[in-house]
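Participant: In the UniProt record's numbering, the protein residues as written are 1 to 340. All C-beta atoms, glycine included, are put in the ideal place defined by N, C-alpha and C.
(1) Relative to the C-alpha of residue 219, which candidate in 251, 118, 152, 186 has its C-alpha closest?
(2) Look up residue 91 in the DSSP assignment and say whether it is helix, strand or coil.
(3) Residue 231 to residue 211, Cα distance in whole Å?
(4) What does the alpha-carbon distance come out to for the pair residue 39 and residue 159?
(5) If we call anything under 8 Å between Cβ atoms a contact, is residue 103 one with residue 123?
(6) Exposed or buried, which one is residue 276 when buried takes at least 16 other CB atoms within 10 Å?
(7) Throw me the rounded Cβ distance for the residue 136 and residue 70 pair, which I believe falls under 8 Å.
(8) Less than 8 Å between the C-beta atoms of residue 92 and residue 132, yes or no?
(9) Which same chain residues end up closer than 7 Å to residue 181 when comparing Cβ atoms and leaving out the 5 residues on each side of it in sequence?
(10) Under a three-way DSSP split, which group does residue 66 fall into?
(11) Is DSSP giving residue 178 helix, strand or coil here?
(12) Hey, residue 298 and residue 254 are a contact pair by Cβ (cut 8 Å); roughly how many whole angstroms apart?
(13) So the candidates are 204, 284, 147, 281; which of them puts its Cα closest to the Cα of residue 129?
(14) Assuming contact is defined by CB atoms lying nearer than 8 Å, are residue 134 and residue 152 in contact in what I supplied?
(15) Under the DSSP definition of a beta bridge, which residues are partnered with residue 245?
(16) Quick check on residue 144: buried or exposed, where buried means 16 or more other Cβ atoms within 10 Å of its Cβ?
Structure representation (structure tokens):
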């Protein structure tokens with residue numbers, strides 16, 4: 001791989017021969033109407049949700065199959081950024097009659113690592129999960145964005161033997177639905193969670209010990225070797241636990257942080273999109289994908305909602321490519337990108 005970015009050309013969904021990749025990535029998770037407050041601004045009734053951020057970020061790298069549900073109160077043009085994106089197939093969107101869309105209201109402090117949940121209304125997310133369209137059930141790469149583990153397992157049951165399944169989770173499910181979560185973890189190939197959630201899940205104070213304990217359970221029910229775990233640490237980057245080793249990925253040094261709400265989901269989207277684009281799932285490939293994820297996450301948090309991810313898609317893509325072009329220099333000698 002040369003410094004001019006062979007990795008980056010593949011990362012944006014264009015094969016080395018210049019053809020568009022035909023492998024698709026399926027995501028299912030929340031679609032939210034968000035209100036976000038911060039000392040420097042506020043947005044009301046903005047587009048949010050784990051699968052929304054994920055899809056926008058992943059679409060820079062690979063085609064995305066979107067599965068999600070909203071209530072009949074969802075404005076007709078609310079999901080326009082997704083419908084207008086030619087690399088996101090919205091055939092899996094369900095508008096459920098009589099239901100209301102998931103809503104979340106959060107307030108950030110001056111230290112953006114501190115956030116208060118002012119209000120949350122699960123609404124349609126508290127009901128049954130969406131149905132995966134028949135045309136999507138052959139998806140080879142799947143991301144189960146953060147939601148109830150019972151719903152995640154139910155969605156996994158609808159798929160026809162995917163090759164790679166990665167899930168995200170949170171403290172609410174670790175504390176309240178542990179048996180269901182453990183059952184899900186045993187069926188998947190990769191798990192993403194943040195450092196406090198990793199500690200909560202294991203009782204380990206040390207995040208390396210926590211991640212090492214969790215990875216032994218990932219995919220345990222599949223009869224093969226353990227899968228992988230990615231522990232997100234915000235401004236301190238992320239850790240990969242795979243193949244009996246631990247690898248650290250630093251965060252991209254963001255100069256401007258406005259709204260970190262979707263940063264983790266954007267990280268996941270770019271990472272999974274890159275894995276889908278490159279067509280392999282090795283420790284080295286995951287590390288390269290994490291590098292893509294950390295860059296896209298740093299762009300997502302520079303404004304409220306999806307403003308940086310869809311305001312001008314062509315310019316955003318060019319910006320991401322430019323930043324990714326510097327990754328080999330940033331990590332030269334680290335072995336992270338296979339460059340010495």
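Facilitator: Considering the structure as presented:
(1) 186
(2) strand
(3) 7 Å
(4) 44 Å
(5) yes
(6) buried
(7) Not confirmed; about 18 Å, so no contact.
(8) yes
(9) 149, 169, 173, 174
(10) strand
(11) helix
(12) 4 Å
(13) 147
(14) no
(15) 242
(16) buried
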